[in-house]
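*Asks:*
In our numbering, the protein residues as written are 837 to 1619.
1) Quick one: give me the first and last residue of the beta strand (DSSP E) that residue 1038 is part of.
2) Once the 5 residues before and after residue 860 are set aside, which same chain residues still bring their CB inside 8 Å of it?
3) So, is residue 1470 buried or exposed, given that buried needs 16 or more other C-beta atoms within 10 angstroms?
4) Measure the C-alpha to C-alpha separation of residue 1046 and residue 1244 and round it to an integer number of angstroms.
5) Do you know offhand how far residue 1154's Cα is from residue 1168's?
6) Report yes or no: do three or more beta-carbon pairs, one from the stretch 1299–1307 and one from the stretch 1187–1197, lie closer than 8 Å?
7) Span of the beta strand (DSSP E) holding residue 1510?
8) Do you know offhand how far residue 1398's Cα is from residue 1044's?
9) Residue 1338 to residue 1328, Cα distance in whole Å?
10) Tell me whether the stretch 1579–1591 and the stretch 1548–1567 touch, counting them as touching only if at least three CB pairs, one residue from each stretch, are closer than 8 Å.
11) Compare the C-alpha of residue 887 against each of 907, 1529 and 856 and name the closest.
12) Pairing CB atoms from the stretch 1540–1550 with CB atoms from the stretch 1444–1464, are three or more of them under 8 Å?
13) Unbroken alpha helix (DSSP H) runs of length 4 or more, entirely within the stretch 871–934: which are they?
14) What residues in its chain sit with their C-beta under 6 Å from that of residue 1348, if we drop five residues either side in the sequence?
15) Residues in the same chain with beta-carbon distance under 6 Å from residue 1379, minus the five sequence neighbours each way, listed in chain order, please.
16) Straight-line CA distance for residue 957 to residue 995?
17) Return the bridge partner residues of residue 1454 from the DSSP annotation.
18) Should residue 1368 and residue 1506 be called a contact, given that it needs their Cβ atoms to be closer than 8 Å?
19) Using only the alpha-carbon positions, how far apart do residue 911 and residue 1234 sit?
20) Quick check on residue 880: buried or exposed, where buried means 16 or more other Cβ atoms within 10 Å of its Cβ?
21) For the pair the stretch 941–957 and the stretch 912–919, tell me if three or more CB-CB distances fall below 8 Å.
22) If you reduce the DSSP assignment to three classes, tell me which class residue 1053 lands in.
23) Closest to residue 968 by C-alpha separation, out of 1005, 1001 and 955, would be which residue?
24) Evaluate residue 1590 with the Cβ neighbour count: other Cβ atoms within 10 Å of its Cβ, from every protein chain shown; 16 or more gives buried, anything less gives exposed.
25) Using a Cβ-Cβ cutoff of less than 8 Å, which residues in the same chain neighbour residue 1581 once the five nearest sequence positions on both sides are dropped?
26) Of the choices 1025, 975 and 959, whose alpha-carbon is the least far from that of residue 982?
27) Please report the straight-line C-alpha distance between residue 1149 and residue 1365, rounded to a whole angstrom.
28) Please report the residue range of the alpha helix (DSSP H) in which residue 1467 lies.
29) Would you decide whether residue 901 is buried or exposed? Buried here means 16 or more other CB atoms lie within 10 Å of its CB.
30) Do you know how far the Cα of residue 1048 is from the Cα of residue 1194?
31) Taking the alpha-carbon positions, what's the residue 1499 to residue 1425 distance?
32) Rounded C-beta distance between residue 1605 and residue 1488? I'm assuming under 8 Å.
33) For residue 1055, I'd like the list of residues in its chain whose CB is within less than 6 Å of its CB, leaving aside the five on either flank, ordered along the chain.
34) How is the alpha helix (DSSP H) around residue 1064 delimited, first residue to last?
35) Straight-line CA distance for residue 1388 to residue 1355?
36) Enumerate in chain order the residues of its own chain whose CB-to-CB distance from residue 1538 is below 7 Å, with the five nearest sequence positions on each side excluded.
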């Protein structure tokens, strides 16, 4: 079996499981094309690594094509089905690469379940059980419990979690006793068991480790990612055509200059399908009818007004919870007395649990048995390597003094009211939005940061690095010491009160980096502050190189490389042999996605052999592999040069390029080459193999076979090589689309409109390495 119930060294994994529905509420089938697109949406937008396909009556012919699609997307698929499916299909699905099976049995009996366990065992597939708590037998005997205990995981709920329109049915109160009894019996046999839809105060404390409410679902790897689950729930009641429309619009998000129509239409398709005809008739006029992300609310400037707002906020929270739940120690981790609970058990009241307030949603979950499937087991092994940094971090902060302190007076809350207190900053917030401090420092690994956060509670605390990286963890008490330790290669470990904690991966945004870049500008990041919180002086331990004086940087080059690693090497070597520059005058910021090609290896080699070329690594998540504009903008924020050059990874500059650039008059703000020489495959091969050294034979290469392109794109300079003064990039940013096309042309057009006609470097041509045609997203000829 490719999974186990053994405790992992790092048990606190968040979910990477998505959900798609292959039938709607009325039992109508969703088309194969829609399902394939939905799988891509799950991988790219919802950041799932595995997906449950809900298909009550499943067939091999329907699932095998989806399993193949999943393989191409590096996505593992599970089948979520009912007893309408025959267990005989499991062997064929296992051969097709199925991860596991989630069964919702119509009848909970040993006789009904035995064929499923037998078929799953023969196919070597783990079997998860989704049990309807209302269908549990009054007194499950040992034989039935032993049968159920064979499951990898058991979920007991009072609804299937798909149909939001389903009205909760009234149930006998002994139903809760049956659920609690079964959970205890399964727990005694070491089976992971989760009970949904039941408040903590309704069950004995011994069963609290098995209760799962909204906060636990977000914090545990066994449940669905919130964004994926919500999308499936919203589309479950739609017709197949409307589901297809919703999937297509969501998949296209961020890929067009004109997303406004789709942004407005999607909420109406999902929430108000009966208006769809008239909305289409009006041709999708407005942009946003429902906000997508919370924004920080404007706050009063006076401290007395702020404290008054805090008092009103606290009173509103207590009113919302009600007098009983407001006094309960578990109210932050419970869904409280929901309408569903009231309707199912109208005669059962809630009660307040005494004790210290608990803010950790996993406080009790971690006491129970936990099962990891093949995907999650691999994730735990992935993070074991980071634990090697744990001892180094503790040794550093306990035995050596910090190299400097970043006083609370030296930072403020970005774009927000900042209330300063003695040696601390008080943060006020009455929304779920994220707040950030201003930049704490400009750092290069290795370094260690430590900050105390207290005097309040927030959902997450940690550090932000631009818009593409977050290292944050749950805040589970009113006071924490948070430490981030980064080694010389950018690998890190996050410590909360001296113990390692796995950073949170946010829904819909893959902000968790594999490693940090060569240069970073950390900020304190706090999300969903409960009214107020306080941060103090930040302690900083830096590496030995910080005392060295860096030479002034006059030129920055930004290169985006996705699947062009071999050509990147040639381009960087050409930059390393530029003439007339002092050591350190040129820095190259390389934006790339680790793992999709050999860029890391190329940079390692260049750092060894070309120490005078300052290389700045800027690693990004896989979801940005086509987002050239986003990567460029993030790199620009860290560029130090007075001149900044945007360069494609397959372009080689002449040895005197920056000398020519430095010779331009002050009036020249936007400078580009006169054209580019497209090298032949044969010449490109000679350069990539090191048989040709372009910085020594540049003029000869300009005369080699190939095409010369002069003043392309109707005279608007395309993006293969664009140089501009810093003021240009401060005024105009790249369009941030999820592809390469169009962003560079739009940028040039905007610069010309605002700053005037570009300056052409007369007679200067760059070399363009061949890669088999216009392949925007990288070449297969990279290895």
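A virtual CB, placed ideally from N, CA and C, is assigned to each residue, including glycine.
*Replies:* Taking the geometry as given:
1) From DSSP, residue 1038 is part of no beta strand (DSSP E); its letter is neither H nor E.
2) 866, 1071, 1072, 1073, 1074, 1075, 1076 and 1079
3) buried
4) 42 Å
5) 12 Å
6) no
7) 1506–1515
8) 48 Å
9) 11 Å
10) yes
11) 856
12) no
13) 896–908 and 926–931
14) 1339 and 1341
15) 1282
16) 28 Å
17) 1427
18) no
19) 42 Å
20) buried
21) yes
22) helix
23) 1005
24) exposed
25) 1549, 1552, 1554 and 1555
26) 1025
27) 12 Å
28) 1464–1472
29) exposed
30) 15 Å
31) 23 Å
32) 7 Å
33) 1197 and 1198
34) 1062–1071
35) 16 Å
36) 1513 and 1601
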